[in-house]
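A.B. asks:
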Amino acid sequence: MRTAVLPLGATEQHGAHLPLSVDSDHADRLGVLVAERLGDALVLPTVRIGCSAHHLGFAGTLSLRAETLEAVCFDCCASLAAHGFRRVLIFSAHIGNYPVLSGIEPKLAARLPSDLDVIAFADSAAIIGAWRDAAQRVAGLAAHVGGHADVAESSIMLAVRPDTVRSDRATAGFTGSMDEELLARIFTDGVKAVAPNGVLGDPQGMSSELGFACLNAVADLLAEHATARYRPLT
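Written out as C-alpha cells, the structure is:
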C-alpha cells in the first residue's frame, strides 16, 4: 500500500439544525468512499479544524490560519514519505479550505521528496455542481443547494450521523445566486453578513437517500481526479 487519502474538515456552525462537526463527519465518510474507489489506499484521520474565519460570527466555530493548515498538510505528507508512501490525495469537505488547496501542490512539492506525488482537489464549483445534479435527480431540489447547511449537507448528515440532525430547527437561509462576487463577500465580511442564520441554501426536502447520492457523486469525482493525475509507481 503506497497511496494515502488525507481528508480535511472543519469545526464550525451549520445553522440551528446541524452540529459543528458536519464537515469533519462528512470528510470521514468521503475518505472511506474514495479509498474504496482507488483500491489499495490508506485513509488518514480527518483534520478536524480548518480555515473558518468567515464563520467566526457564530459561536462554536474554530479556525486555523491558512499557513497553519498548510503546515499540517506538509507534516502529514512528510510522515507518509518517511514510511514509503508514494501518493497522497488531499481533499476537503469544507469549501473554506479550498483557497489553501488551490495553491498547495507546488509549495509541498518544493519541500517534500520528489518521489511523493501530492494531488490536491480544489474545484469547489465541481462539488456544488455534483450536489445540484444529485439534488435534482433525486428530489428535483437543485435550487435548494447553496453550499452550507443546505439540502445537500443536511442530507449527507442524515446519511452519516442522523442522530445529530434536528429537522424541526431547519430553516432556509440565503437562497440567492451563489456567484464569485458573493463568495468573495462571504470570505471578506463573513457568512453572517449574507445569512444571519448561518445557512446558505435551503435544507427543506433533506433525505438520507439524497445524502448518499451526494456522497457517491463527490467520491466518484475525487477518485477520477486522483487517478487522472497518477504517475506510474516504480
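So the sequence shown is numbered by my numbering: it starts at 42 and just counts up by one. Glycine is no exception: its CB is placed at the ideal position from the N, C-alpha and C atoms.
Say the cut is 8 Å; is the CB of C255 nearer than that to a heavy atom of the ligand MG?
C.D. replies: What this structure holds is no ligand at all, so the ligand MG is not there to describe.
A.B. asks: Decide yes or no for the touch test of the stretch 137-146 against the stretch 238-254: beta carbon pairs closer than 8 Å, at least 3 of them.
C.D. replies: Contact check between the stretch 137-146 and the stretch 238-254: fewer than three CB pairs, one atom from each, fall below 8 Å, which does not count as touching.
A.B. asks: Whole angstroms is fine: what's the gap from G181's alpha carbon to F99's?
C.D. replies: Just so you know, the alpha carbons of G181 and F99 end up roughly 31 Å apart.
A.B. asks: For C118, which residues from the same chain have a beta carbon less than 7 Å from its beta carbon, with the 5 sequence-adjacent residues on both sides left out?
C.D. replies: V129, L149, L153, L157 and V159
A.B. asks: Could you check what DSSP says for P140 in three-state terms: helix, strand or coil?
C.D. replies: helix
A.B. asks: May I ask which residues mark the beginning and end of the beta strand (DSSP E) holding S133?
C.D. replies: R128 to S133
A.B. asks: Looking at Q245 and H185, is the spacing between their C-beta atoms short of 9 Å?
C.D. replies: Closer than 9 Å, so yes.
A.B. asks: For V88, which beta-bridge partners are listed by DSSP?
C.D. replies: L49
A.B. asks: Ends of the beta strand (DSSP E) at D158?
C.D. replies: D158 to A161
A.B. asks: Between L256 and L71, what straight-line distance do the alpha-carbon atoms span, to the nearest angstrom?
C.D. replies: 7 Å
A.B. asks: Which whole-angstrom value is the C-beta distance of G239 and M219, which I expect to be below 8 Å?
C.D. replies: About 15 Å separates the two Cβ atoms, so there is no contact after all.
A.B. asks: Along the beta strand (DSSP E) that carries H189, what are the first and last residues, could you check?
C.D. replies: Start and end: V186 to H189.
A.B. asks: How many Å lie between Q54 and H96 at the Cα?
C.D. replies: 7 Å
A.B. asks: Would you mind reading off the limits of the alpha helix (DSSP H) that contains A175?
C.D. replies: S165 to A180
A.B. asks: Starting from H67, trace the alpha helix (DSSP H) in both directions and tell me its first and last residue.
C.D. replies: Under the DSSP assignment, H67 falls in the alpha helix (DSSP H) whose first and last residues are V63 to L79.
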